[in-house]
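**Q** Those protein sequences? They're chains A and B, same order as listed. With positions in the first sequence counted from 1, the corresponding number in the numbering used here is that position plus 38. With positions in the second sequence counted from 1, the corresponding number in the numbering used here is that position plus 38. Attaching a single structure in structure tokens format; questions to follow.
2 protein chains.
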Amino acid sequence: MNPTIKDVAQRAGVSVGTVSRVLAKNKTVSEDIRKKVEATIEAIGYRPNILGRSLRLAKTDIIGLVVPDITNPFFAELAKHVEMLASTEGYSVLLANTHDDPEAERQQIETLLGRLPAGLILVPVSNSLVDGLVAGTRTVTVDRPLSGHALVAVDNRRGGYLAADHLLALGHRRLGYISGPSSTEVSGQRRDGFKQRLEEFRTTHPGEYVAPQVVEGHFDYRSGEELGKQMLTQAAATRPTAIATASDQQAIGLLRAAGDMGVRVPTDLSIVGFDDIPLASLVLPRLTTIRQPIDEIARLALNGVLGSHALQEEYKLQPVLIRRGSCAAPGTP
Amino acid sequence: MNPTIKDVAQRAGVSVGTVSRVLAKNKTVSEDIRKKVEATIEAIGYRPNILGRSLRLAKTDIIGLVVPDITNPFFAELAKHVEMLASTEGYSVLLANTHDDPEAERQQIETLLGRLPAGLILVPVSNSLVDGLVAGTRTVTVDRPLSGHALVAVDNRRGGYLAADHLLALGHRRLGYISGPSSTEVSGQRRDGFKQRLEEFRTTHPGEYVAPQVVEGHFDYRSGEELGKQMLTQAAATRPTAIATASDQQAIGLLRAAGDMGVRVPTDLSIVGFDDIPLASLVLPRLTTIRQPIDEIARLALNGVLGSHALQEEYKLQPVLIRRGSCAAPGTP
DNA sequence: CTGTCAATATGAAACGTTTCATCACGGTGA
DNA sequence: TCACCGTGATGAAACGTTTCATATTGACAG
């Protein structure tokens, strides 16, 4: 098979320990021996066996990435960034989907932990702690909190707040909100931020305040379409002139529903999404949305997992409003 | 740390070899000893250390998945299916992106091979064989061929053929085609299939034949939008009444360009995509497209990699035309 | 009683590393 | 000259498995 460290040692006329120290770079080894060993390594094309190393060190250079569904553009983007960063550091990424199923999640995490990863980046779907998750491996959760673990996430409340603020500033008063499932904290936070801005508006402009219409669904395209359709079938006089959503996917579904029903965007309806997935700037009209800095999220999560310093409890990032074509003052032609 | 096989052996009063044979299930071990060992395993919560096993067997239960870009919905879908199937078989999936960069690809494959995966599923971007790729690990390529390796892919030529056929049947005569990069074989095949159908039409309807306008770009949204814009700026009398693309992403970009330019779909322009990504049925209008059976592709690729039987040279799957709203007879209101 | 055979269990080697306690070897100060 | 030190190199142990060549039985035929 492949040449081993023993082959190198033998051929270079040194001991295996010495070769190992050459590979470790940082140790005391004389210049000429180092040269000779390196030459030999080059000559026979030796590549250290990761398994041997991992067994000895009881630790691999693999990072577990557990997401609900890699098909979701947000998680795909996350995975891409995590993988890119990890690979420049010499780590590989093990991918697992949970499909929003707590049992599947438990199962996936369990087998992942069995592989002794260097760290775990987790987008949790449930609060079911896995045995030994707390102990052992460095774990960072992303997007959704899991009690007792470091969290990297955008300030969701602020995101919802920004969306409402933008729509109010444009002159909209009858607002709608399509929320994510209430089982997730993110949904609640985004929605609460949205409502909070409205409450503030209520106190500053008591006469103009209209209670928002809030509905709840999943984060996916379909939910946005169905709930949107349902919301838009109201009489034009009572239906919202602007709707904010908890995800870009919902927003795009909503866009679709509006199109199907002859509701023009942004003339008859303004829409603001959440996430700023790549597609957001490619739909028609381009989607005004609340951007999550995914690259930053990935960077922080990876640093948290690989870094030597203790984990902070929470890394909260600031979302930013991206103005595109799906919002306008009500009635703008 | 965790209990080892030695702990089990000691506590159950047998040798480690015996415990190992109990774990392997299939060997000769007396009933009562088996029971006792299993009870002990249960009692102390023993979990075999994968690293030890892997080292001994010189083989892991990891499957490498190398794709150009996990952000591409087609590959995300592929990854999802591969991961789902793999995890039911007890395998994990290591994800790597190449970003269409041959050097990155070489690098990624190299480090992946260093991990001694049970198999490799590869969507190659170049023909640069990696040393030892041929030997050693079972490898299946998907979507794009790599000389000397098994390929699982849709019949791309037939896909292009179907697109042209559909458009001709609807009555379109001035056709456009947005191709993928000519550096990939898939692009060529799809385009050739498209052209082939037109050639056939030329022989059967010599008077009606019009040479198609073919342009070339990347597979992404942007390319579709830019090339589409360029194609649609022609006078209405000469511009295509229907355009087929080499990917749904291009088609969606094209949809966007058409919208920006006031070209109505499908009234003024019919569009047929390729792949049938989830989004295809969510854009407005819904995209008529050539579906690739990704679940089948994933299944075959995984079987090829894990199966014991010898690899076939090629597994060619049939694409199917999915009729949705983006195509109509020319001039349909 | 002895030799053979089948059925099971055992012990040790091997997989490829890293690390740690030693050891060899000059050089230095007394 | 000798004891001591520091610098580098060595050898072996250890990580947790699997597997293979033996060893231990008991049964049974001769």
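Don't be surprised by glycine CBs; every beta carbon is placed ideally from N, CA and C. In this text the structure is predicted, and so the values were computed from the model without any measurement.
Relative to the alpha-carbon of Val-168 (chain A), which residue among A:Pro-140, A:Asp-193, A:Pro-183 has its alpha-carbon at the smallest distance?
**A** What you label residue 168 (chain A) is simply residue 130 of the first sequence in a count that begins at 1. Nearest option by C-alpha distance: A:Pro-140.
**Q** Between the Cα of Ile-335 (chain A) and those of A:Gly-363, A:Val-120, A:Gly-197, spot the shortest distance and give me the residue it belongs to.
**A** For the purposes of this step, residue 335 (chain A) is identified with residue 297 of the first sequence, where counting begins at 1. Nearest of A:Gly-363, A:Val-120, A:Gly-197 to Ile-335 (chain A), Cα basis: A:Val-120.
**Q** What residue does the alpha helix (DSSP H) around Ala-50 (chain B) start on, and which one ends it?
**A** By one-based count along the second sequence, residue 50 (chain B) stands at place 12. First-last of the alpha helix (DSSP H) with Ala-50 (chain B): 43–50.
**Q** Which residue spans inside the segment 100–151 of chain B form an unbroken alpha helix (DSSP H) run of at least 4?
**A** Complete alpha helix (DSSP H) runs here, min 4: 111–126.
**Q** Check the Cβ of Arg-362 (chain B) against every Cβ in chain A and list those closer than 7 Å, keeping chain order.
**A** Working through the second sequence from its first residue, we reach residue 362 (chain B) at position 324. Those within 7 Å of Arg-362 (chain B) in chain A number zero; the least Cβ separation is about 12 Å.
**Q** Since Pro-155 (chain A) contacts Gly-102 (chain A) with CB under 8 Å, what's their CB separation in whole angstroms?
**A** In the first sequence, residue 155 (chain A) corresponds to position 117, counting from 1. In the first sequence, residue 102 (chain A) corresponds to position 64, counting from 1. That belief holds up - the Cβ atoms of Pro-155 (chain A) and Gly-102 (chain A) are roughly 4 Å apart, short of 8 Å.
**Q** What first and last residue would you give for the beta strand (DSSP E) that runs through Asp-313 (chain A)?
**A** Residue numbering aside, residue 313 (chain A) sits at position 275 when the first sequence is read from its first letter. Taken as a continuous stretch (DSSP letters only), the beta strand (DSSP E) holding Asp-313 (chain A) covers 308–313.
**Q** According to DSSP, simplified to helix, strand and coil, what is Ala-96 (chain A)?
**A** In the first sequence, residue 96 (chain A) corresponds to position 58, counting from 1. Coil, per DSSP.
**Q** Using the Cα positions of Asp-99 (chain B) and Asn-341 (chain B), report the straight-line distance between them to the nearest angstrom.
**A** Here residue 99 (chain B) refers to the residue found at position 61 when the second sequence is read from its first residue. Here residue 341 (chain B) refers to the residue found at position 303 when the second sequence is read from its first residue. One C-alpha to the other measures close to 14 Å.
**Q** Do Ala-280 (chain A) and Leu-205 (chain A) have their CB atoms nearer than 8 Å?
**A** Taking the first residue of the first sequence as position 1, residue 280 (chain A) is located at position 242. Taking the first residue of the first sequence as position 1, residue 205 (chain A) is located at position 167. Yes, the pair counts as a contact, with Cβ atoms nearer than the cut-off.
**Q** Using a Cβ-Cβ cut-off of less than 9 Å, list which residues of the segment 104–118 of chain A approach chain B; keep chain order.
**A** Asp-107, Ile-108, Thr-109, Asn-110, Pro-111, Phe-113, Ala-114, Glu-115, Ala-117, Lys-118
**Q** Would you kindly report the start and end of the unbroken beta strand (DSSP E) that includes Ser-217 (chain B)?
**A** Numbered from 1 along the second sequence, position 179 holds the residue referred to as residue 217 (chain B). Segment 213–217, the beta strand (DSSP E) holding Ser-217 (chain B).
**Q** Is there a Cβ of chain A sitting closer than 8 Å to that of Leu-293 (chain B), yes or no?
**A** Counting from 1 along the second sequence, the entry for residue 293 (chain B) is found at position 255. Yes, Leu-293 (chain B) counts as interfacial toward chain A.
**Q** Report the rounded CA-to-CA distance for Ala-188 (chain B) versus Asp-181 (chain B), giving the unit in angstroms.
**A** Your numbering for residue 188 (chain B) matches position 150 in the second sequence. Your numbering for residue 181 (chain B) matches position 143 in the second sequence. Taking the straight line from one Cα to the other gives about 11 Å.
**Q** Tell me whether Thr-276 (chain A) is buried or exposed, calling it buried when 16 or more other Cβ atoms sit within 10 Å of its Cβ.
**A** Stepping through the first sequence from its first residue, residue 276 (chain A) is reached at position 238. Exposed is the call here.
**Q** Which stretch, first to last residue, makes up the beta strand (DSSP E) that contains Ala-280 (chain A)?
**A** For the purposes of this step, residue 280 (chain A) is taken as residue 242 along the first sequence, with counting starting at 1. 280–283 is the extent of the beta strand (DSSP E) around Ala-280 (chain A).
**Q** If you reduce the DSSP assignment to three classes, tell me which class Leu-160 (chain B) lands in.
**A** Taking the second sequence and counting its residues from 1, the one referred to as residue 160 (chain B) is at position 122. Note: Leu-160 (chain B) maps to strand in three-state DSSP.
**Q** If the cut-off is 8 Å on Cβ atoms, which residues from the segment 88–99 of chain B count as contacting chain A, listed in chain order?
**A** Close to chain A, meaning a Cβ-Cβ distance shorter than 8 Å, are the following residues of the segment 88–99 of chain B: Ile-88, Leu-89, Gly-90, Ser-92, Leu-93, Ala-96, Thr-98.
**Q** Would a check of beta-carbon distances place Glu-121 (chain B) closer than 8 Å to chain A?
**A** Reading the second sequence from its first residue, position 83 is the one you call residue 121 (chain B). True, the Cβ-Cβ gap to chain A drops below 8 Å.
**Q** Would you report the Cα separation of Arg-176 (chain B) and Gln-145 (chain B), rounded to the nearest angstrom?
**A** Stepping through the second sequence from its first residue, residue 176 (chain B) is reached at position 138. Stepping through the second sequence from its first residue, residue 145 (chain B) is reached at position 107. The straight-line gap from Cα to Cα measures roughly 18 Å.
**Q** Would you check if the distance between the CB atom of Pro-357 (chain B) and the CB atom of Ile-328 (chain B) is smaller than 8 Å?
**A** Residue numbering aside, residue 357 (chain B) sits at position 319 when the second sequence is read from its first letter. Residue numbering aside, residue 328 (chain B) sits at position 290 when the second sequence is read from its first letter. Taking 8 Å as the Cβ cut-off, Pro-357 (chain B) and Ile-328 (chain B) qualify as a contacting pair.
**Q** With a threshold of 8 Å, are at least 3 pairs of Cβ atoms found where one atom belongs to the segment 291–300 of chain A and the other to the segment 319–328 of chain B?
**A** yes
**Q** Exposed or buried, what is His-347 (chain A) when buried is set at 16 or more other beta-carbons lying within 10 Å of its beta-carbon?
**A** As a position in the first sequence, residue 347 (chain A) is number 309, starting the count at 1. Label assigned to His-347 (chain A): exposed.
**Q** Any heavy atom of the ligand NAP closer than 7 Å to the Cβ of Pro-278 (chain A)?
**A** Absence of the ligand NAP is noted for the structure shown, with no ligands found whatsoever.
**Q** Identify the contact partners of Tyr-247 (chain A) in chain B, using a Cβ-Cβ distance below 7 Å as the criterion.
**A** Translated into positions along the first sequence, residue 247 (chain A) becomes position 209. Going along chain B, no residue has its Cβ under 7 Å from Tyr-247 (chain A), so there is no contact; the nearest lies around 33 Å.
**Q** Grouping DSSP H, G and I as helix and E and B as strand, with all else coil, what is Leu-184 (chain B)?
**A** In the second sequence, counting from the first residue as 1, residue 184 (chain B) sits at position 146. Leu-184 (chain B) falls in the coil class under three-state DSSP.
**Q** In three-state terms, what does DSSP make of Lys-63 (chain A)?
**A** Against the first sequence, residue 63 (chain A) aligns to sequence position 25. Judged by DSSP in its simplified three-state form, Lys-63 (chain A) adopts coil rather than helix or strand.
**Q** Per DSSP, what kind of secondary structure is Glu-254 (chain A) in: helix, strand or coil?
**A** The sequence position of residue 254 (chain A) within the first sequence is 216, counting from 1. Looking at Glu-254 (chain A) - three-state DSSP - the assignment turns out to be strand.
**Q** Ile-150 (chain A) to Leu-270 (chain B), Cα distance in whole Å?
**A** Taking the first residue of the first sequence as 1, we reach residue 150 (chain A) at position 112. Taking the first residue of the second sequence as 1, we reach residue 270 (chain B) at position 232. The sequence shown places Leu at residue 150 (chain A), rather than the Ile named in the question. One C-alpha to the other measures close to 51 Å.
**Q** Going straight from the alpha carbon of Ala-62 (chain B) to that of Leu-160 (chain A), what length do you get?
**A** Position 24 of the second sequence, counted from the start, is the residue given in the question as residue 62 (chain B). Position 122 of the first sequence, counted from the start, is the residue given in the question as residue 160 (chain A). Going from the Cα of Ala-62 (chain B) to the Cα of Leu-160 (chain A) covers about 32 Å.
**Q** Applying the 10 Å Cβ sphere with the 16-neighbour rule, what's the burial state of Lys-44 (chain A)?
**A** Position 6 of the first sequence, counted from the first residue, corresponds to residue 44 (chain A). It counts as exposed.
**Q** Secondary structure at Ala-273 (chain A), three-state DSSP: helix, strand or coil?
**A** In the first sequence, residue 273 (chain A) corresponds to position 235, counting from 1. If DSSP states are grouped into helix, strand and coil, Ala-273 (chain A) belongs with coil.
**Q** Going straight from the alpha carbon of Glu-246 (chain A) to that of Phe-113 (chain A), what length do you get?
**A** The count along the first sequence starts at 1 and reaches residue 246 (chain A) at position 208. The count along the first sequence starts at 1 and reaches residue 113 (chain A) at position 75. Approximately 39 Å, taken between the alpha carbons.
**Q** Compare the C-beta of Leu-344 (chain B) against all C-beta atoms of chain A and say whether one is closer than 8 Å.
**A** If you number the second sequence from 1, residue 344 (chain B) lands on position 306. False, the Cβ-Cβ gap to chain A never drops below 8 Å.
**Q** Quick check on DSSP: helix, strand or coil for Ala-296 (chain A)?
**A** Along the first sequence, read from residue 1 onward, the residue named residue 296 (chain A) stands at position 258. The answer is helix: DSSP assigns Ala-296 (chain A) an H, G or I state.
**Q** Strictly under 8 Å for the Cβ-Cβ distance: is Thr-126 (chain B) near chain A by that measure?
**A** Numbered from 1 along the second sequence, position 88 holds the residue referred to as residue 126 (chain B). Not closer than 8 Å to any Cβ of chain A, the Cβ of Thr-126 (chain B) fails to qualify, so no.
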